[in-house]
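What follows is a short report on a single structure.
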RNA sequence: UGGGGUGUAGCCAAGCGGUAAGGCAACGGGUUUUGGUCCCGUCAUCCGAGGGUUCGAAUCCUUCCACCCCAGCCA
């Protein structure tokens, strides 16, 4: 089973305020009942779980109302963007299970038309070329509580503006020497409307248009018009763009665009123990704090995929967190819950011992091997069965043995009888130590009448242990992941101390794990439940005969909780 | 101190004048050849605070408080 071949589990998605607006528009016959959205990433980084929220919202709305959702790259700033990012973004959106059909666009596709729109604004006296430097513009913008000052170039004649703007395009001027600005109101209480910059000169090559353009439009100018050009009806973005909506509307108003898209804003996702800002993620990658964008500790889509997350679990998560305008910090435990819920249903069960301890069954014949039949998933017969070899020397989990059994302990301890899953009952008869005094091996006896792991006499054996036959086991590397950040909310920290909050124990590598032999046939990306241990995904770093597994998440562990409570 | 937003349980989040959904977490209990899953139960006399309207307010009005966003030629 490959995780991206699985059937989608689509439950009825709950409503939210944006869906309510769309539904009301459809009922009222707005846009002739048409619904069109778009997911507009800037290709300057990899997608993360926060983007997944937006993707699910936008594509989900289109699907629910029989509309369409475009994938549009907001590639208006070539100095930050790269084709590597556009490829990863396309892959991630597809992997999440969404299809943009023929709706793949780039803001850069519209550069010619955007230039024409800008020229119209100039002709209408609604935009002007400003010769001030960036510093001067900043100084004259005023502050939150005091008005700005008009630029000395604000009232240039239309003809001169047209000429200058044309020459900006022709590449006659240096970077930063001039900009095109909207003529709105330098004392507007909304800072966004204090004559915002529409175009700036950047004589740098663009990943799609090459050397063609020395000027590039700003987000506020390009975005609303790109939406209009594509006939988007509902333009959904995050809260920090709320102030920009006034400019979004201003541009469309001045250009007389009708019918026009409307912008709606929702609160971006925040998740505990991680970071969801591109700036911070890119730092983690660049400074080598993680192995790359797809490091399984990263909240990126590619990281989650490599970790063992399924598209379904991520979609379910996005549905459960809801969509609102309130600041939020969602507990990572919810994401993990969604993964377990999905994987419990579909991951084949398998035996893997993370910290092997030899167990020798003294009364079991030296040279005998037998096979036991295991259900791949006891709750789903359709997943089939398999045979697993058993012999005199096994590996069990070191943590399943205690010399001093605490209260309620029903695993292995001197004199205690336990069940080896699907095999036999064994009783610990002796403990062998190495020179340093460490427990090196357990000596046990087994009861032949308990074949299959069951006895007719009604004997109470509470503990059931996973195991693997030493002679048949495959040695594997297992990577255990913890939270990227120790602090629940590292975003509270400033840029400097942010790195200090990284969890030093976010990755533990166990080189000597022992897994059942069938696992050497697994393919990268396949996910298994190691019984009693958790869910593990085969990593691409695996080589033939040397599997590497990533622990996606643990199983719920009631015993660990009991022990934790005792500590308190 | 200007403008734009948001406040419902530890965390998300419904609720749209008729007496506080649901999920996660937590905590009890049952089933169990995974201390998993599953099942059952507990968990807001109260909706940021005060005042008002109303037979009735989380929902309407009002005052206040707290938090977030905006002064890029980033998006």
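Numbering (our numbering), first residue to last: 3 to 570. Beta carbons: idealized from backbone N, C-alpha and C, even for Gly. The structure displayed is predicted, hence computed values, not measured ones.
Asked                                                                                                                                                                                 : Found
Could you say which of 179, 538 and 428 lies nearest to residue 467 if we only look at CA atoms?                                                                                      : 428
Can you give me the C-alpha to C-alpha distance between residue 293 and residue 45, rounded to a whole angstrom?                                                                      : 20 Å
In chain order, what are the residue ranges of uninterrupted alpha helix (DSSP H) at least 4 long that sit wholly in the stretch 280 to 368?                                          : 280 to 288, 303 to 309, 313 to 323 and 334 to 348
Going by beta carbon distance, what residues of the same chain come within less than 7 Å of residue 22, once the five residues before and after it are set aside?                     : none
Taking the alpha-carbon positions, what's the residue 174 to residue 81 distance?                                                                                                     : 20 Å
Could you check the C-alpha separation between residue 252 and residue 567 for me, to the nearest Å?                                                                                  : 60 Å
Give the range of the beta strand (DSSP E) segment to which residue 167 is assigned.                                                                                                  : Per DSSP, residue 167 belongs to no beta strand (DSSP E); it is in the alpha helix (DSSP H), 160 to 171.
Report the three-state DSSP secondary structure of residue 438 (helix, strand or coil).                                                                                               : coil
Quick check on residue 469: does DSSP put it in helix, strand or coil?                                                                                                                : strand
How long is the line joining the alpha carbons of residue 271 and residue 332, rounded to whole angstroms?                                                                            : 7 Å
In this structure, does DSSP put residue 513 in helix, strand or coil?                                                                                                                : strand
Using the C-alpha atoms, what's the distance from residue 186 back to residue 256?                                                                                                    : 11 Å
Find the nearest neighbour of residue 406 within the set 398, 415 and 276, judged by alpha-carbon distance.                                                                           : 415
Measuring only the C-alpha atoms, how far is residue 548 from residue 297?                                                                                                            : 20 Å
Under a Cβ-count criterion, where at least 16 other Cβ atoms within 10 Å of its own Cβ denotes burial, should residue 78 be classed as buried or exposed?                             : buried
Could you give the distance in angstroms between the alpha-carbon of residue 215 and the alpha-carbon of residue 489?                                                                 : 45 Å
Apply the 10 Å Cβ neighbour rule to residue 38 and answer buried if 16 or more other Cβ atoms are within range, or exposed otherwise.                                                 : buried
Label residue 464 either buried or exposed according to how many other C-beta atoms from any shown protein chain fall within 10 Å of its C-beta, with 16 as the threshold for buried. : exposed
Would residue 564 be called buried (16 or more neighbouring beta carbons within 10 Å of its own) or exposed?                                                                          : exposed
Could you check where the beta strand (DSSP E) with residue 183 kicks off and where it finishes?                                                                                      : 181 to 184
Determine the direct distance from the alpha carbon of residue 96 to that of residue 15, and round the result to whole angstroms.                                                     : 20 Å
Report the rounded CA-to-CA distance for residue 553 versus residue 307, giving the unit in angstroms.                                                                                : 12 Å
Could you give the DSSP three-state label for residue 11: helix, strand or coil?                                                                                                      : Only weak support exists for where residue 11 lies, its pLDDT of 32 falling under 50; the coordinates are left without a value.
Where do the N-terminal and C-terminal ends of the beta strand (DSSP E) with residue 393 fall, by residue?                                                                            : 387 to 393
In terms of residue numbering, what span does the beta strand (DSSP E) encompassing residue 2 cover?                                                                                  : This structure cannot settle anything about residue 2, because the visible part of the chain is limited to 3 through 570.
Hey, quick one: how far does the beta strand (DSSP E) through residue 539 stretch, first residue to last?                                                                             : 536 to 540
From what residue to what residue does the alpha helix (DSSP H) around residue 248 run?                                                                                               : 247 to 256
So is residue 569 buried or exposed if we call it buried at 16+ other beta carbons inside 10 Å?                                                                                       : exposed
Quick one, are the C-beta atoms of residue 517 and residue 476 less than 8 Å apart?                                                                                                   : yes
DSSP puts residue 446 in a beta bridge; with which residues?                                                                                                                          : 363 and 430
One question on the structure: do residue 359 and residue 50 come within less than 8 Å of each other, judged by their Cβ atoms?                                                       : no
Below 8 Å, how does it come out for the stretch 141 to 148 and the stretch 180 to 197: are there three or more Cβ pairs, yes or no?                                                   : yes
Closest by CA to residue 249, which one among 236, 264 and 235?                                                                                                                       : 264
Tell me, which residues are paired with residue 553 by DSSP?                                                                                                                          : 538
Return yes when the Cβ of residue 133 is within less than 8 Å of the Cβ of residue 102, no when it is not.                                                                            : no
Among all the DSSP beta bridges, which residues are the ones paired with residue 374?                                                                                                 : 390
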